[in-house]
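**Q** Numbering (my numbering), first residue to last: 976 to 1568.
Backbone N, C-alpha and C fix where the C-beta goes; we use that ideal spot for every residue, glycine too.
(1) Would you mind reading off the limits of the alpha helix (DSSP H) that contains residue 1327?
(2) Kindly indicate which three-state DSSP category residue 1068 falls into: helix, strand or coil?
(3) Is there contact between the stretch 1549 to 1557 and the stretch 1511 to 1530, where contact requires at least three CB pairs shorter than 8 Å?
(4) On the premise that residue 1483 lies in contact with residue 1527, defined as a C-beta separation below 8 Å, what is that separation, rounded to the nearest angstrom?
(5) So residue 1166 and residue 1436 are supposed to be a Cβ contact under 8 Å. How far apart are they, rounded?
(6) Over what stretch of residues does the alpha helix (DSSP H) that includes residue 1015 continue unbroken?
(7) Could you give the first and the last residue of the continuous alpha helix (DSSP H) run that contains residue 1487?
(8) So with Cβ pairs under 9 Å, would you call residue 1409 a contact of chain B?
(9) Quick check on the DSSP output: what are the complete alpha helix (DSSP H) runs of length 4 or more inside the stretch 1037 to 1109, in order along the chain?
(10) What residue from 1473, 1481, 1455 has the CA that sits closest to residue 967's CA?
(11) Considering residue 1565, what are the terminal residues of the beta strand (DSSP E) in which it resides?
(12) Could you pull out every residue in the same chain whose Cβ sits closer than 6 Å to the Cβ of residue 1501, ignoring the five residues on either side in sequence?
(13) Can you tell me which residues form a DSSP beta bridge with residue 1154?
(14) Are residue 1315 and residue 1138 touching if we call contact CB-CB under 9 Å?
(15) To the nearest angstrom, report how far apart residue 1421 and residue 1340 are at their CA atoms.
(16) In whole angstroms, what separates the C-alpha of residue 1080 from that of residue 1006?
(17) So, is residue 1551 buried or exposed, given that buried needs 16 or more other C-beta atoms within 10 angstroms?
(18) In whole angstroms, what is the alpha-carbon distance linking residue 1152 and residue 1398?
(19) So, does the stretch 1009 to 1016 touch the stretch 1519 to 1526, judging by three or more C-beta pairs under 8 Å?
(20) Give me the residue from 1438, 1336, 1059 with the minimum Cα distance to residue 1170.
(21) So the candidates are 1131, 1078, 1566, 1423; which of them puts its Cα closest to the Cα of residue 1343?
(22) Taking DSSP's pairing of strands, which residues face residue 1553 in a bridge?
(23) Give the single residue among 1085, 1321, 1345 whose Cα lies nearest to the Cα of residue 1145.
(24) Using the C-alpha atoms, what's the distance from residue 1003 back to residue 1469?
(25) Determine the extent of the beta strand (DSSP E) in which residue 1339 is found, giving its start and end residues.
(26) For residue 1394, does the count of other Cβ atoms within 10 angstroms reach 16, so buried, or fall short, so exposed?
(27) I'd like to check one pair, residue 1074 with residue 1116: are the Cβ atoms closer than 9 Å?
(28) Using CA atoms only, rank isn't needed, just tell me which of 1114, 1136, 1143, 1118 is closest to residue 1086.
(29) So does residue 1520 have its beta carbon nearer than 8 Å to some heavy atom of the ligand NAP?
(30) Determine the extent of the alpha helix (DSSP H) in which residue 1406 is found, giving its start and end residues.
(31) Are residue 1370 and residue 1414 touching if we call contact CB-CB under 9 Å?
(32) Does the Cβ-Cβ distance between residue 1060 and residue 1104 come in under 9 Å?
(33) For residue 1390, does the count of other Cβ atoms within 10 angstroms reach 16, so buried, or fall short, so exposed?
(34) Using the Cα positions of residue 1493 and residue 1548, report the straight-line distance between them to the nearest angstrom.
(35) Which residue spans inside the stretch 1367 to 1422 form an unbroken beta strand (DSSP E) run of at least 3?
(36) Considering only the beta carbon of each residue, do residue 1305 and residue 1161 sit closer than 9 Å?
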């Protein structure tokens, strides 16, 4: 309890300290193609992995919702431009849809004239409004054809097609673009798209069907939210208290939704079924499982063990290789795209090119415990250093990643390299391939050491890290299952990036907070979030001399929030998704921002 209080009240003496913004700074907001454009099959556009994922039914995980129309920005960009101008933004970050330009991802399939025309129109209108475009080449919506043909980023074959695509974008739009971002948040794309299977392309090395995974995950998410809400109201950690009403409710969910999934996944569950005690088939936590997951260390665990165990067996406990292969391809794709731009376009176009990495700050649960401190350092290495070390540092993965993955592979008698190796030449090509550090940051968490991999049937990306996260609520008003207001975390993270990677130029490319199922415009939670987080960024600039050059709010407007569909709203503007016009209405946070 003391650790929790310290975590959320850190630097409370400076909580009301404010610094005014009196220097040149890039103020922006952001969106992405799949989340806002809609027009998923208009004018020859090809299918993306998100089109494919969201159309496979039933999709309980996204509440049977898709990005087919989303905010309909493809037909209503003038409405977007109007609210951009009203906000007084200096920069606007958006992404290009690869499959809108090349339907099957290859140069031979395009370019599609209407796709080129649309993006030229967006870019030209922004510039005419004195708004600098900041363009992301890849924001998770890979052409489905490339995924089908060779597994997308799980194969090195993707590199050639990505570089061709990037080269085309540089040559076609680069005369007006001064800020390029090669990849958005590859950590999430790899760990959830190629690991847990909670994001497209659902490539996790298992044979579980999407329908079964959706049923299982929906139970886990629903019960978690119920527990979280109840626990926060009583001041408990998530999972700290359990009552009969929760068990009955979650048992009802299981009986209602999971029967078909169990039958279809039976071959995957044989080990689980044979070895698990009988009481794990009802929604009650067992002492063994609590200890295995670190419950004695006050770690968040779901009350419904049937959801977590079946989800883990079917989806999450993949061999722990696909995530690393996908990341390897992304890093090499990024490096080659950087060199194409640097050698061919930089001199004439005078732009910059970088990558955006998502990073949450990790504090040790107990700062005086060396093992806890080391666990928090491993968290940063596996989440941020995984991509930042090759690009901003040594050209290779962090040593602790190599050490842990190798040791845990040996524990499971795996002799091949699950974490691929760069050649010496590739390390040189990777190193220094970003003109700025794009940072997406949302929240912070506490970390404790936990060697639970010893209880698994095989290694996973998560178990390789030998730590677990404790997410603990700050207030009863926050409804996101993962996003908590810890403003000082962004300042600590900015200082860490400066010290670790040689004081790079930093652009905060995403920062924001969501509300679930909110139709209100008085989003005081978001106003408070921005007020405190921006203040911590300004402290880092003024007091810590961190080289932050810009801040980007996520998001310009409510949009399709991936696995959460339209239920989770991050926008400065409220969007009516039942109105064919997709009306944009400013929230209180838009006025504040």
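**A** In this structure, then:
(1) For this step, residue 1327 is matched to residue 352 along the chain shown. It is not in any alpha helix (DSSP H) - residue 1327 instead sits in the beta strand (DSSP E) that spans 1327 to 1333.
(2) Stepping through the chain shown from its first residue, residue 1068 is reached at position 93. If DSSP states are grouped into helix, strand and coil, residue 1068 belongs with the strands.
(3) no
(4) Translated into the one-based positions of the chain shown, residue 1527 becomes position 552. Translated into the one-based positions of the chain shown, residue 1483 becomes position 508. Contact flag correct, Cβ pair sits at about 6 Å.
(5) By 1-based counting over the chain shown, the position of residue 1166 is 191. By 1-based counting over the chain shown, the position of residue 1436 is 461. Confirmed, about 6 Å.
(6) Your numbering for residue 1015 matches position 40 in the chain shown. Premise fails: residue 1015 is in no alpha helix (DSSP H) and is neither H nor E.
(7) In the chain shown, counting from the first residue as 1, residue 1487 sits at position 512. Boundaries cannot be given for residue 1487, as no alpha helix (DSSP H) includes it and DSSP labels it neither H nor E.
(8) This model lacks chain B altogether, as it is built from one protein chain only.
(9) 1048 to 1062, 1073 to 1076, 1088 to 1103
(10) The first residue shown for the chain is 976 and the last is 1568, placing residue 967 beyond what the model contains.
(11) Residue 1565 sits at position 590 when you count from the first residue of the chain shown. Where residue 1565 is concerned, there is no enclosing beta strand (DSSP E), although the alpha helix (DSSP H) it sits in stretches over 1563 to 1567.
(12) Here residue 1501 refers to the residue found at position 526 when the chain shown is read from its first residue. Same-chain partners within the cutoff: 1488, 1564.
(13) Residue numbering aside, residue 1154 sits at position 179 when the chain shown is read from its first letter. Answer by DSSP bridge pairing, in chain order: 1109, 1327.
(14) Taking the first residue of the chain shown as position 1, residue 1315 is located at position 340. Taking the first residue of the chain shown as position 1, residue 1138 is located at position 163. Yes, these two residues count as a Cβ contact at 9 Å.
(15) Counting from one through the chain shown, the residue named residue 1421 turns up at place 446. Counting from one through the chain shown, the residue named residue 1340 turns up at place 365. The straight-line gap from Cα to Cα measures roughly 5 Å.
(16) Within the chain shown, the letter at position 105 stands for residue 1080. Within the chain shown, the letter at position 31 stands for residue 1006. Here the alpha carbons of residue 1006 and residue 1080 stand approximately 22 Å from one another.
(17) As a position in the chain shown, residue 1551 is number 576, starting the count at 1. Exposed, since its Cβ has fewer than 16 Cβ neighbours within 10 Å.
(18) The residue you call residue 1152 lines up with position 177 of the chain shown. The residue you call residue 1398 lines up with position 423 of the chain shown. Between residue 1152 and residue 1398, the C-alpha separation is close to 33 Å.
(19) no
(20) On the chain shown, residue 1170 is found 195 positions in, with the first residue counted as 1. Here the closest residue by C-alpha is 1438.
(21) Looking up residue 1343 in the chain shown gives position 368. When each option's Cα is compared against that of residue 1343, the closest is 1423.
(22) Here residue 1553 corresponds to residue number 578 of the chain shown, with the count starting at 1. In DSSP, residue 1553 forms no bridge with anything.
(23) Taking the first residue of the chain shown as 1, we reach residue 1145 at position 170. Taking only the C-alpha atoms, the option nearest residue 1145 is 1321.
(24) Against the chain shown, residue 1469 aligns to sequence position 494. Against the chain shown, residue 1003 aligns to sequence position 28. Looking at the two C-alpha atoms, the distance is approximately 18 Å.
(25) As a working mapping, residue 1339 is identified with position 364 in the chain shown. Segment 1336 to 1339, the beta strand (DSSP E) holding residue 1339.
(26) Residue numbering aside, residue 1394 sits at position 419 when the chain shown is read from its first letter. Classification for residue 1394: buried.
(27) Position 141 of the chain shown, counted from the start, is the residue given in the question as residue 1116. Position 99 of the chain shown, counted from the start, is the residue given in the question as residue 1074. Pairing residue 1116 with residue 1074 gives a Cβ-Cβ distance under 9 Å.
(28) The residue given as residue 1086 occupies position 111 in the chain shown. For residue 1086, the nearest C-alpha among the options comes from 1143.
(29) Inclusion of the ligand NAP in the displayed structure is not the case, the ligand content being empty and no account of it being possible.
(30) Taking the chain shown and counting its residues from 1, the one referred to as residue 1406 is at position 431. DSSP places residue 1406 outside any alpha helix (DSSP H), giving it a letter other than H or E.
(31) Counting from one through the chain shown, the residue named residue 1370 turns up at place 395. Counting from one through the chain shown, the residue named residue 1414 turns up at place 439. It is not a contact, given that the beta carbons lie outside the stated cut-off.
(32) As a first step, residue 1060 is located in the chain shown; it is residue number 85 there, counting from the start. As a first step, residue 1104 is located in the chain shown; it is residue number 129 there, counting from the start. Yes. Within cutoff.
(33) Looking up residue 1390 in the chain shown gives position 415. The residue is exposed, with fewer than 16 neighbouring Cβ atoms inside 10 Å.
(34) What you label residue 1493 is simply residue 518 of the chain shown in a count that begins at 1. What you label residue 1548 is simply residue 573 of the chain shown in a count that begins at 1. Using only the alpha carbons, I get a separation of about 12 Å.
(35) DSSP runs (the beta strand (DSSP E)) wholly in the stretch 1367 to 1422: 1412 to 1415.
(36) As a first step, residue 1305 must be located in the chain shown, where it is residue number 330. As a first step, residue 1161 must be located in the chain shown, where it is residue number 186. Taking 9 Å as the Cβ cut-off, residue 1305 and residue 1161 qualify as a contacting pair.
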